Amino acid sequence: MSVAEARTAVRPRSSRIVPLLVFAIAIALIVATPFLPNYYVRVVNSLLIYILLGIGLNIVIGYTGLLDLGFVAFYAVGAYTYALLASPQFDLHLPFLLILVIAACLGAITGILLGIPVLRLRGDYLAIVTLGFGEIIRIIINNLDWLTGGPQGIARLDKASILGLQIARPVDFFWLLLVVVVVAGVVAWRLEHSILGKAWAAIREDQDAARGVGINTTNAKLAAFATSATIGSIAGAIFGASQRFVSPESFTLQESVLIVLMIVVGGIGNILGIVAGAAILILLPEVLREFAEWRILFLGLLMIFLIIVRPAGIVPRSFGPEKLIRGLFGK
């Protein structure tokens with residue numbers, strides 16, 4: 361008997377219970393959500409949008425080790441792309457799928473434009489520059505009245521439709537977001553285990569050493585920014601389609617900080633951790649809505665407690681989708 365077979369033989373059955381329980385709860389939530397009142401479905405949709413944003417930002421922060429505090433700028437690019445191309449603002453009414461492609465391309469271009477000037481920056485300096493980039497985008501959309509509608513935003517956006525099937529109800533966006541989140545999660549997971557993902561991991565551990573062994577850190581960083589921005593822009597476009605209204609108030613620095621907190625609390629570099637962090641920071645305030653005067657204090661104390669007790673996050677990097685799959689199928 362090999363060592364691997366021996367370990368499998370002595371492995372307790374309880375090691376499979378937790379993954380199976382997680383899988384069962386996820387399936388139960390997916391099945392139950394369409395039957396909930398619209399308010400709760402909207403809350404779940406908001407959760408899925410933030411999970412999608414977390415997956416995008418995790419590529420830069422978790423995989424590459426670059427602190428980006430201006431990620432909300434790409435979110436805004438996607439939302440305003442939909443607003444400008446599917447509204448009476450310029451009397452353009454393009455198909456939803458085409459706008460998603462355009463938003464993804466614009467997001468990638470914007471990510472590269474941000475990545476080029478910050479290639480040599482690290483740590484706090486990188487954080488400050490990306491923070492400034494996010495604020496610049498917000499100020500631009502807040503002041504270009506002729507283009508973005510200024511502080512009043514853009515309203516009366518077209519209803520989304522895919523192949524003639526209209527997506528207007530909250531439950532419709534739930535299924536759309538669920539599919540997009542799953543696809544984005546699988547793509548991010550595959551990228552993490554690709555050659556490019558290994559280059560990102562090397563940059564995260566030591567940029568100088570990575571450059572010394574022949575890794576093109578410039579191209580790897582630009583690829584990280586472009587991929588991250590693409591996912592963020594897609595999330596923004598879906599957000600604009602679901603709300604049918606966009607304004608600068610939705611893309612403040614607070615949103616960027618919230619997405620970063622999701623990753624830190626949930627587990628840096630772990631997709632499962634993003635889901636856990638989003639569930640705490642998005643769903644918990646809704647649960648505590650009756651205690652409006654105390655919920656922010658409670659949430660802050662909870663985050664401090666979690667960071668002290670589990671500094672690696674609720675779901676650390678060591679527990680990835682691979683362990684979940686092995687637990688489910690016993691491999």
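For the sequence shown, counting from 1, position 130 maps to 490 in the working numbering; every step adds exactly one.
The C-beta atom is built at its ideal place from N, Cα and C for all residues, glycine as well.
A quick note: this is a predicted structure, and the numbers were derived from the prediction, not measured.
query: Can you tell me the Cα-Cα spacing of Pro379 and Ala559, whole angstroms?
result: Sequence index remark: in the sequence shown, residue 379 carries index 19 (1-based). Sequence index remark: in the sequence shown, residue 559 carries index 199 (1-based). Note on Pro379: pLDDT 47, under 50, position unreliable in the model; the coordinate value appears next. Cα to Cα, Pro379 sits roughly 30 Å from Ala559.
query: So, using beta-carbon positions, are Gly483 and Thr590 closer together than 8 Å?
result: Counted from its first residue, the sequence shown places residue 483 at position 123. Counted from its first residue, the sequence shown places residue 590 at position 230. Here Gly483 is not near Thr590, since their CB atoms are 8 Å or more apart.
field: Helix, strand or coil at Arg371 according to DSSP, with G and I counted as helix
entry: Your numbering for residue 371 matches position 11 in the sequence shown. Caution applies to Arg371, whose pLDDT of 44 falls short of 50 and renders its modelled position unreliable; the model cannot decide the point.
- prompt: According to DSSP, which residues form a beta bridge with Gln526?
  reply: Translated into positions along the sequence shown, residue 526 becomes position 166. Under DSSP, Gln526 forms a beta bridge with Ser521.
- request: Please work out which residues of its chain come closer than 8 Å, Cβ to Cβ, to Lys763, disregarding the five sequence neighbours upstream and downstream, and give them in chain order.
  value: Since the first residue shown for the chain is 361 and the last is 691, residue 763 is missing from the structure and cannot be characterised.
message: I'd like the list of long-range same chain contacts for Trp654, defined as Cβ closer than 8 Å, with 5 residues on each side in sequence excluded.
response: The count along the sequence shown starts at 1 and reaches residue 654 at position 294. Answer for Trp654: Leu648, listed in chain order.
query: Exposed or buried, which one is Ala433 when buried takes at least 16 other CB atoms within 10 Å?
result: As a first step, residue 433 must be located in the sequence shown, where it is residue number 73. Ala433 is buried by the Cβ-count criterion.
message: Quick check on Ala570: buried or exposed, where buried means 16 or more other Cβ atoms within 10 Å of its Cβ?
response: Taking the sequence shown and counting its residues from 1, one reaches residue 570 at position 210. Taking a 10 Å sphere around the C-beta of Ala570, we find 16 or more other C-beta atoms and assign the residue as buried.
message: Once DSSP output is grouped into helix, strand and coil, what is the label at Phe450?
response: Counting from one through the sequence shown, the residue named residue 450 turns up at place 90. When DSSP states are grouped into helix, strand and coil, Phe450 belongs to the coil group.
- prompt: Ends of the alpha helix (DSSP H) at Gln614?
  reply: Residue numbering aside, residue 614 sits at position 254 when the sequence shown is read from its first letter. Element bounds for Gln614: Leu613 to Gly626.
- request: Examine the Cβ distances between the stretch 502-521 and the stretch 616-626 and report whether three or more of them are shorter than 8 Å.
  value: In short, these stretches do not touch, since the Cβ pair count stays below three.
- prompt: Who are the near neighbours of Phe450 in its chain, counting only those whose CB is closer than 8 Å to its CB and skipping five residues on each side?
  reply: Your numbering for residue 450 matches position 90 in the sequence shown. By the criterion of a C-beta distance shorter than 8 Å, Phe450 is surrounded in its chain by Leu444, once the five residues flanking it on both sides are discounted.
- prompt: Is the distance from the Cβ of Glu646 to the Cβ of Val403 below 8 Å?
  reply: Start at 1 with the first residue of the sequence shown, and residue 646 comes out as number 286. Start at 1 with the first residue of the sequence shown, and residue 403 comes out as number 43. The beta carbons of Glu646 and Val403 sit closer together than 8 Å.
message: Cutting at 7 Å between CB atoms, please list the residues of its own chain near Leu659, excluding the five before and the five after it.
response: Taking the sequence shown and counting its residues from 1, one reaches residue 659 at position 299. Close CB contacts of Leu659 within its chain, under the 7 Å cut and outside five residues either way in sequence, are with Leu644 and Pro645 (chain order).
- request: Consult DSSP for Phe456 and reduce its assignment to one of helix, strand or coil.
  value: On the sequence shown, residue 456 is found 96 positions in, with the first residue counted as 1. Helix, per DSSP.
task: Mind reading off the beta-carbon distance from Ile514 to Val401? Whole number of angstroms is fine, and I expect it under 8 Å.
output: Within the sequence shown, the letter at position 154 stands for residue 514. Within the sequence shown, the letter at position 41 stands for residue 401. Not quite, the Cβ-Cβ distance comes to about 24 Å (not below 8 Å), so this is no contact.
query: Going by alpha carbons, who is nearest to Ala464 out of Val531, Val437, Lys519 and Leu556?
result: Looking up residue 464 in the sequence shown gives position 104. Minimum Cα distance to Ala464 is reached at Val437.
Simplified DSSP state of Phe605, which is helix, strand or coil: The residue you call residue 605 lines up with position 245 of the sequence shown. The three-state secondary structure of Phe605, taken from DSSP, is strand.
task: Report the three-state DSSP secondary structure of Ala515 (helix, strand or coil).
output: As a first step, residue 515 must be located in the sequence shown, where it is residue number 155. In this structure, Ala515 counts as strand in the three-state DSSP scheme.
task: Report yes if the CB atom of Pro556 is closer than 8 Å to the CB atom of Ala528, and no otherwise.
output: Residue 556 sits at position 196 when you count from the first residue of the sequence shown. Residue 528 sits at position 168 when you count from the first residue of the sequence shown. It is worth fixing the name first, because residue 556 is Leu in this sequence and not Pro. When the beta-carbon positions are compared, Leu556 and Ala528 stay at least 8 Å from each other.
field: Counted within 10 angstroms of its Cβ, other Cβ atoms place Leu452 as buried (16 or more) or exposed
entry: Your numbering for residue 452 matches position 92 in the sequence shown. Leu452 should be labelled exposed.
query: Under 8 Å between the Cβ atoms of Ala561 and Ile631?
result: Translated into positions along the sequence shown, residue 561 becomes position 201. Translated into positions along the sequence shown, residue 631 becomes position 271. Contact: no.
query: Taking DSSP as the reference, what is the three-state secondary structure of Ser554?
result: Numbered from its first residue, the sequence shown carries residue 554 at position 194. Reduced to three states, the DSSP call for Ser554 is coil.
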